[in-house]
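> Numbering (full-length UniProt numbering), first residue to last: 1 to 43.
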Amino acid sequence: MMNPVEFFRSLPKKVCPECGQHVEEQAESYLMECERCLAKKIE
Ligand SMILES: [Zn+2]
Numbered sequence: 001m002m003n004p005v006e007f008f009r010s011l012p013k014k015v016c017p018e019c020g021q022h023v024e025e026q027a028e029s030y031l032m033e034c035e036r037c038l039a040k041k042i043e
């Protein structure tokens with residue numbers, strides 16, 4: 001049996017296409033960029 005930790009590890013991580021940094025899962029799942037890159041776009 002696969003434990004939950006291994007299961008989530010097997011899932012593809014969400015990565016920011018701008019800087020390649022791992023993006024934390026958020027309610028706004030349509031957002032691809034990390035907070036830093038989003039802030040840059042807003043400026
Ligand atoms: Zn980024």
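We put the beta carbon where it would ideally sit given N, CA and C, even for glycine.
Remember, predicted model here, so these are calculated numbers, not experimental data.
Taking 7 Å as the cut-off, is the CB of R36 close to at least one heavy atom of ligand 1?
At least one heavy atom of ligand 1 is nearer than 7 Å to the Cβ of R36, so yes.
> Under the rule that 16 or more other beta-carbon atoms within 10 Å means buried, what is V23, buried or exposed?
Answer is buried; the Cβ neighbour count reaches 16.
> Using the Cα positions of E35 and M2, report the straight-line distance between them to the nearest angstrom.
C-alpha separation (whole angstroms): 32 Å.
> Under three-state DSSP, which class holds V23?
V23: coil per DSSP, three-state reduction.
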